[in-house]
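Protein chains in written order, with our numbering: chain A, 4 to 248; chain B, 293 to 447. We treat Cβ as the ideally placed atom computed from N, Cα and C, and that holds for glycine. Remember, predicted model here, so these are calculated numbers, not experimental data. Read the structure below first, then the notes.
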Amino acid sequence: MKQTIKFNHRLAVRSRASIVGPKEGAGPLGWCFDRVLEDDLLGMKTWELAESEMLRQTVSLCLEQGGLTADRLELLAAGDLLDQIMASGFMARALGRPFMGLYGACSTFVEAMILCGAMVDGGYRKNAVCAASSHFCTAERQFRSPLELGTQRPPSAQWTATAAGAALLDTDKAPAAARLTHGTIGRVIDYEVTDTNHMGAAMAPAVGGWGPWRRSIIARFAFGKLQERPGLLLGLAGGADIQAL
Amino acid sequence: MSTGKKTPEHRRYDRMVKALTPNSNFARGYMRAFWVGGVICAVGQMLSLFGEKALGLTEGSDAMFTSIALIFLGVLLTGLGVYDDIGRYAGAGSIVPITGFANSIASPAIEFRREGLVLGVGAKLFAVAGPVLVYGISASIAVGLIYWLIGGLGA
């Protein structure tokens with residue numbers, strides 16, 4: 004099955020930017036992020052406006068680091084987890100550039116990279132920004148229960164990140180920190196996991212089709228809190244290996 | 293491919309997920325629920341005695357006073373952003389008492405206030421407590437009917 008596309012140009016990731024919440028900033032990857040928020044409400048009235056503002060700042064920072072003014076940006080593709088991808092829509096309204104709204108949940112950012120990559124690679128646009136955001140406080144309301152509800156989470160429950168990321172793509176030959184050469188378009192793999200507190204188990208099988216080492220790494224991420232048992236984790240990640248176990 | 297029916301492979305995967313997923317620490321959970329729930333009940337008992345001795349309430353109205361006071365405390369602690377922390381620690385210990393019910397009404401009220409008074413608070417106030425009310429009231433009707441039938445036979 005053909006799932007991977009190869010771009011003709013070696014597309015440059017000219018710049019990237021990330022802004023995260025306090026909890027994410029305190030984690031083991033904290034040093035990687037451009038900015039860690041002290042106030043995850045960003046002085047806004049609602050969590051949704053805060054998420055949109057976080058995304059807007061991230062896109063602006065990305066453009067700034069790429070040495071591009073907003074009026075020279077030719078395409079913006081972004082998404083988030085809210086109804087009507089509200090955070091991205093309001094961000095795009097503020098930026099006023101050609102905008103494609105995307106919803107792929109966890110895959111939104113990569114979806115944006117592939118679509119922007121194709122637009123830039125095909126010569127339709129000179130540059131493009133791919134972006135995505137999520138916010139713990141908006142996601143809890145969207146998918147689970149009110150923030151102040153006094154319930155417990157089981158150990159397998161995932162925690163939606165408060166974070167926004169953006170990357171600027173172009174075809175410039177100048178040296179770049181990273182290049183986009185291929186994109187793999189995934190299929191929906193559903194193992195009928197219906198537990199909303201076990202999203203890792205629902206998502207892990209989708210990683211099938213890659214090399215086993217890669218599946219193992221992704222399964223480890225998906226099962227963040229699970230016991231580290233490489234053999235079984237490997238099995239969890241791909242249909243073929245489940246047969247073997 | 294997927295038709296919503298579990299294939300043997302899906303079931304094999306389910307078993308593996310179950311084997312790998314860590315369980316909650318039950319002994320610790322029971323202990324926490326026990327002492328926090330106990331403290332809430334003790335506070336209730338104190339309120340009841342206070343109503344009876346200090347306020348001179350009769351037997352029916354001191355229970356009502358206790359419920360109202362506990363609901364007030366539950367809502368107050370929810371508003372102060374404390375009740376969810378208690379709930380994360382105590383689990384059922386703070387969900388089962390009437391303060392937990394107050395929390396389940398107050399927390400959507402806070403969450404959905406931003407969506408307006410009618411379509412926000414009005415429409416979503418019972419988002420959490422709704423199922424409890426629907427099935428609680430339905431169950432009480434069923435039990436009432438059974439009681440009436442048995443009572444009718446006895447008479």
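At a CB-CB cut-off below 8 Å, which residues of chain A make contact with residue i?
| i | result |
| --- | --- |
| Val309(B) | Val196, His201, Ala204 and Leu239 |
| Thr420(B) | Inspection of the sequence shows that residue 420(B) is occupied by Val rather than by Thr. Those within 8 Å of Val420(B) in chain A are Ser148, Pro149 and Leu152. |
| Ile387(B) | Gly153 and Thr154 |
Given a cut-off of 8 Å on the beta-carbon distance, is the pair residue i and residue j in contact?
| i | j | result |
| --- | --- | --- |
| Ala398(B) | Gly373(B) | no |
| Arg3(A) | Ala73(A) | The structure shown does not extend to residue 3(A), since chain A is modelled only from 4 through 248, so no value can be given for it. |
| Ser136(A) | Leu58(A) | yes |
| Phe10(A) | Gly126(A) | no |
| Ala166(A) | Gly33(A) | no |
| Leu84(A) | Ala134(A) | no |
| Leu339(B) | Phe364(B) | no |
| Gly153(A) | Gly392(B) | yes |
| Ala394(B) | Gly329(B) | no |
| Ile243(B) | Leu362(B) | One cannot answer for residue 243(B) here, as it falls past the ends of chain B, which runs 293 to 447. |
| Glu27(A) | Ala181(A) | no |
| Ser63(A) | Met89(A) | no |
| His201(A) | Ser159(A) | yes |
| Leu79(A) | Val16(A) | no |
| Gly46(A) | Gly82(A) | no |
For a contact meaning CB atoms closer than 8 Å, what does residue i contact in chain B?
| i | result |
| --- | --- |
| Ser18(A) | Simply none; closest approach about 34 Å. |
| Ser159(A) | Thr313 and Pro314 |
Once the 5 residues before and after residue i are set aside, which same chain residues still bring their CB inside 6 Å of it?
| i | result |
| --- | --- |
| Ala384(B) | Ala325 |
| Leu44(A) | Ala53 |
| Thr61(A) | Ala20, Ile22, Ala167 and Ala169 |
| Gly343(B) | Leu349, Asp354 and Phe357 |
| Gly379(B) | Ser386 |
| Ala205(A) | Val196 |
| Met94(A) | Ser55, Leu58 and Arg59 |
Using the C-alpha atoms, what's the distance from residue j back to residue i?
| i | j | result |
| --- | --- | --- |
| Arg303(B) | Gly321(B) | 29 Å |
| Gly436(B) | Asn317(B) | 38 Å |
| Gly69(A) | Arg96(A) | 21 Å |
| Arg156(A) | Asn315(B) | 11 Å |
| Ser396(B) | Val426(B) | 14 Å |
| Trp213(A) | Ile8(A) | Confidence at Trp213(A) is low in this model, with a pLDDT of 44, below 50, so the placement of that residue is unreliable and no value is reported for it. |
| Ser353(B) | Gly412(B) | 34 Å |
| Ala421(B) | Glu151(A) | 14 Å |
| Glu195(A) | Lys310(B) | 14 Å |
| Ala179(A) | Ile117(A) | 18 Å |
| Thr199(A) | Lys48(A) | 29 Å |
| Trp440(B) | Ser148(A) | 38 Å |
| Ile192(A) | Ala207(A) | 9 Å |
| Arg144(A) | Gln87(A) | 15 Å |
| Leu369(B) | Asp376(B) | 9 Å |
| Gly30(A) | Phe139(A) | 15 Å |
| Thr313(B) | Val388(B) | 26 Å |
| Glu41(A) | Met308(B) | 40 Å |
| Arg406(B) | Arg13(A) | 46 Å |
May I ask you to list the residues that DSSP assigns as paired with residue i?
| i | result |
| --- | --- |
| Cys35(A) | Beta-bridge pairing links Cys35(A) to no other residue. |
| Ala81(A) | Gly104(A) and Ala134(A) |
| Asp124(A) | According to DSSP, which records beta bridges pairwise, Asp124(A) is partnered with nothing at all. |
| Ala15(A) | Asp173(A) and Arg182(A) |
| Ala1(A) | Beyond the ends of chain A as shown, which are 4 and 248, falls residue 1(A); an answer cannot be given. |
| Thr187(A) | Thr7(A) |
Who are the Cβ neighbours of residue i in its own chain at under 7 Å, not counting the five residues just before and after it?
| i | result |
| --- | --- |
| Asn130(A) | Leu71, Leu76, Glu77, Val123, Leu171, Leu172 and Asp173 |
| Ser254(A) | Because chain A spans 4 through 248 in this model, residue 254(A) falls outside it and cannot be assessed. |
| Ala419(B) | Pro400 |
| Gly92(A) | Gly104 |
| Lys416(B) | Pro400 and Phe404 |
| Glu301(B) | none |
So is the beta-carbon of residue i under 7 Å away from any non-hydrogen atom of the ligand NAD?
| i | result |
| --- | --- |
| Lys298(B) | The ligand NAD is absent from the structure shown, which contains no ligand whatsoever. |
Report the neighbours of residue i on chain A: residues whose CB is nearer than 9 Å to its CB, in chain order.
| i | result |
| --- | --- |
| Ile378(B) | Gly153 |
List, in order along the chain, the chain B residues whose C-beta lies closer than 9 Å to that of residue i?
| i | result |
| --- | --- |
| Leu150(A) | Gly373, Asp376, Ser399, Ile402 and Glu403 |
Leaving out five residues before and five after residue i in sequence, what residues of the same chain have Cβ atoms less than 8 Å from its Cβ?
| i | result |
| --- | --- |
| Val367(B) | Ala394, Asn395, Ile397 and Ala398 |
| Gln6(A) | Thr187, Ile188, Gly189, Arg190 and Gly212 |
| Asp175(A) | Ala15 and Arg17 |
| Cys109(A) | Met206 |
Please list, in chain order, the chain B residues whose beta carbon lies closer than 7 Å to that of residue i.
| i | result |
| --- | --- |
| Thr141(A) | The contacting residues do not exist; Thr141(A) stays about 11 Å from chain B at best. |
| Thr49(A) | Arg406 |
| Ser110(A) | Here the premise fails: no neighbours, minimum Cβ distance about 18 Å. |
So residue i contacts chain A; which residues on that side make the cut at Cβ distance below 7 Å?
| i | result |
| --- | --- |
| Gly383(B) | Gln155 |
| Gly392(B) | Gly153 |
| Lys298(B) | Glu195 |
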